[in-house]
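In full-length UniProt numbering, the protein residues as written are 1 to 65.
So this is what it looks like as structure tokens:
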């Protein structure tokens, strides 16, 4: 849940948000994933979901900040 890639600074929550996997996003958040963590580009999981048009993930993450 808390692993962060040394290459890009992204967590599993970043990846799940980027690829639109709401069930994974929910599971990670329930297990304590940090929703406001920035990757090396300064983007949070919310930013990535928003860029990809995954409004349902954005809504969930905003509600669980």
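In this text, a Cβ means the ideal position worked out from N, Cα and C, and glycines have one as well.
Should residue 39 and residue 20 be called a contact, given that it needs their Cβ atoms to be closer than 8 Å? For the purposes of this step, residue 39 is identified with residue 39 of the chain shown, where counting begins at 1. For the purposes of this step, residue 20 is identified with residue 20 of the chain shown, where counting begins at 1. The Cβ atoms of residue 39 and residue 20 lie no closer than 8 Å to each other.
Leaving aside the five residues before and after residue 33 along the sequence, list all residues of the same chain whose C-beta is less than 6 Å from its C-beta, in chain order. Translated into positions along the chain shown, residue 33 becomes position 33. Closer than 6 Å at the Cβ level, and outside the excluded window around residue 33, lie 1 and 13.
What does the Cβ neighbour count give for residue 16, buried or exposed, with the cut at 16 atoms within 10 Å? The residue labelled residue 16 in the question sits at position 16 within the chain shown. Buried, because 16 or more other Cβ atoms sit within 10 Å of the Cβ of residue 16.
May I have the straight-line CA-CA distance separating residue 49 from residue 24, to the nearest angstrom? Counting from one through the chain shown, the residue named residue 49 turns up at place 49. Counting from one through the chain shown, the residue named residue 24 turns up at place 24. For the pair residue 49 and residue 24, the Cα-to-Cα distance works out to about 13 Å.
Quick one: which unbroken beta strand (DSSP E) runs of 3-plus residues sit fully inside the UniProt repeat "ANK" (8-40)? Chain order, please. Within the UniProt repeat "ANK" (8-40), no complete beta strand (DSSP E) run reaches 3 residues.
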